[in-house]
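Peer 1: Sending over a structure as structure tokens; questions will come in a sec.
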Amino acid sequence: MLLDIRNLTISRDTPTGRVQVLERVNLQINEGEIHTLVGESGSGKSLIARAIMGFLSSNWHIQADRLWFEEHDLLTLTASQRRHIIGVDIAMIFQDAKSYLDPNLTVGEQLGEAVLDQDLSGRWLQRRKQRKERVIQLLHRVGIKNHESMMTSYAHELSEGAAQKIMIASAIAHRPKLLIADEPTSTMEPATRQQIYRLLAQFHARYGMSILLISQDLGAIMKETERLSMIYSGQLMETGPTRALLDKPHHPYTEALLNTSLYRQSQREPRSRLPTLAGTEPSLQHLPIGCRLGPRCANARPKCVQTPELSKLRDRAFACHYPLNLEEKE
Ligand SMILES: Nc1ncnc2c1ncn2[C@@H]1O[C@H](COP(=O)(O)OP(=O)(O)OP(=O)(O)O)[C@@H](O)[C@H]1O
1 MLLDIRNLTI SRDTPTGRVQ VLERVNLQIN EGEIHTLVGE SGSGKSLIAR
51 AIMGFLSSNW HIQADRLWFE EHDLLTLTAS QRRHIIGVDI AMIFQDAKSY
101 LDPNLTVGEQ LGEAVLDQDL SGRWLQRRKQ RKERVIQLLH RVGIKNHESM
151 MTSYAHELSE GAAQKIMIAS AIAHRPKLLI ADEPTSTMEP ATRQQIYRLL
201 AQFHARYGMS ILLISQDLGA IMKETERLSM IYSGQLMETG PTRALLDKPH
251 HPYTEALLNT SLYRQSQREP RSRLPTLAGT EPSLQHLPIG CRLGPRCANA
301 RPKCVQTPEL SKLRDRAFAC HYPLNLEEKE
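Counting from 1, one number per residue, gives the positions in the sequence shown under the UniProt record's numbering.
Following this line, the structure appears as structure tokens:
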């Protein structure tokens, strides 16, 4: 197992007391797997990514039974272990790529900095030449052919799609084992989104790179996604192989998201309206007791004020007292 997260709880102090923004979330990623984490805005997806990367500031409190990457406990890394793992073995790309690129450096200079020293050899001049060659190679790998003009461009001169490709080039310069992609395509045109996804799928296939993709919409996930985890208001609702989860969701939240997402649109009458999940996600000050989906769940009953344990069924797991689609013997 590459990444093993068990019972991750992330809390924050608010004027009304400490709030568990993320509550006992599990997430396991196998080597070479594409795993997509799906949830509405504010459900805690980015918090999980930031906890893995160690990007959470001191006003967040993290607890976990396990937060491991390979044989490393990410909660107790020394500074030098962290430097080795984060940014090298684990890399991350973000939604608005432009704001993460350095505005004062050209693309060539930025990618040059991302090239690992251990990939270079010889004297200074030779190393300089090799660094440039490696930058050109990285640009070609992300599908940028006009490398000469790209290398002298600054972030503000790039389109969103090109900036995202530069960020991916920078992330893969270290040949990471795990790439965390935090909604890299949400603001893009569908065609550009597909291009970025194809690129990620290529790196996955060619180098066996594992990917944790973060997405708000089931309709916008990479088709190569092998496993899905559904998160709602900081609680894990369901996780399992993509096909099984989409065909027969056990959790009412997965079912509701499927109904509201473009994923099932093709199965609808052409003119029917896309239904929406009634209500909104609760605020941190008013988190429901027990299953947080309760107030928005069509199946909710009194027992739902007790937080359901995660039930495991073969390679799937769900946290619901009244799961769906269990009538047949699985
Ligand atoms: N810096 C912060 N200060 C206070 N609250 C925060 C901060 N960052 C996140 N939160 C809160 O933590 C919760 C989870 O946020 P998070 O960014 O992880 O959600 P998300 O699922 O990634 O949302 P999105 O899809 O919109 O990026 C939200 O309720 C959010 O308001």
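Heads up, the beta-carbon is just placed ideally off N, CA and C, and yes, glycines get one too. Computed from a predicted model, the values in this text were never measured in an experiment.
Does DSSP classify Y154 as helix, strand or coil?
Peer 2: strand
Peer 1: With H, G and I counted as helix, E and B as strand and the rest as coil, what does DSSP make of H35?
Peer 2: strand
Peer 1: Just confirm the distance between the C-beta atoms of V25 and I48, as a whole number of angstroms; I'd bet it's less than 8 Å.
Peer 2: 7 Å
Peer 1: If you reduce the DSSP assignment to three classes, tell me which class E113 lands in.
Peer 2: helix
Peer 1: Is the beta carbon of G112 closer than 8 Å to that of T152?
Peer 2: no
Peer 1: Quick test of your reading: G234 and G54, contact by CB under 8 Å. State the CB separation rounded to the nearest angstrom.
Peer 2: That pair is no contact at about 19 Å.
Peer 1: Round the Cβ separation of M209 and I196 to the nearest angstrom and send it over; I've been treating them as touching at under 8 Å.
Peer 2: 15 Å between Cβ atoms; not a contact.
Peer 1: Alpha carbons only, please: which of P252, R227, I231 is nearest the one belonging to R243?
Peer 2: R227
Peer 1: Can you grab the Cα-Cα spacing for the pair residue 337 / L213, in whole Å?
Peer 2: The structure shown has nothing for residue 337, since the chain only spans 1 to 330.
Peer 1: Within the continuous beta strand (DSSP E) that includes Q20, where are the two ends?
Peer 2: 17-29
Peer 1: Is DSSP giving G294 helix, strand or coil here?
Peer 2: helix
Peer 1: Starting from M188, trace the alpha helix (DSSP H) both ways and give me its first and last residue.
Peer 2: Note, M188: premise wrong, no alpha helix (DSSP H); not H, not E.
Peer 1: Excluding the 5 residues preceding and the 5 following E70 in the sequence, name in chain order all residues of the same chain whose CB lies nearer than 7 Å to its CB.
Peer 2: L2
Peer 1: Tell me, to the nearest whole angstrom, how far the beta carbon of D117 is from that of R66; I am working on the premise that it is less than 8 Å.
Peer 2: Contact doesn't hold; Cβ gap of about 33 Å is too wide.
Peer 1: Could you give the DSSP three-state label for T307: helix, strand or coil?
Peer 2: coil
Peer 1: Using DSSP with H/G/I as helix, E/B as strand and the rest coil, what is P252?
Peer 2: helix
Peer 1: Please go through the same chain and pick out, in chain order, the residues whose beta-carbon is closer than 7 Å to the beta-carbon of R6, but skip the five residues on each side of it.
Peer 2: N26, A64, D65, R66
Peer 1: I want to check one thing, is the minimum distance from the CB of G32 to the heavy atoms of ligand 1 below 7 Å?
Peer 2: no
Peer 1: With three or more C-beta pairs closer than 8 Å as the rule, is the stretch 93-108 touching the stretch 170-181?
Peer 2: yes
Peer 1: What does H61 pair with, by DSSP beta-bridge criteria?
Peer 2: Bridge partners of H61: S11.
Peer 1: Taking the alpha helix (DSSP H) that L56 falls in, what are its first and last residues?
Peer 2: The continuous stretches of alpha helix (DSSP H) do not include L56, and DSSP gives it neither H nor E.
Peer 1: From which residue to which residue does the beta strand (DSSP E) around A181 run?
Peer 2: 178-182
Peer 1: Taking the alpha-carbon positions, what's the R134 to R141 distance?
Peer 2: C-alpha of R134 to C-alpha of R141: approximately 10 Å in a straight line.
Peer 1: Please go through the same chain and pick out, in chain order, the residues whose beta-carbon is closer than 6 Å to the beta-carbon of A201, but skip the five residues on each side of it.
Peer 2: Excluding sequence neighbours, A201 sits near E224.
Peer 1: How about H250 and N299: do their beta carbons lie closer than 8 Å?
Peer 2: With contacts defined by Cβ atoms closer than 8 Å, H250 and N299 do not form a contacting pair.
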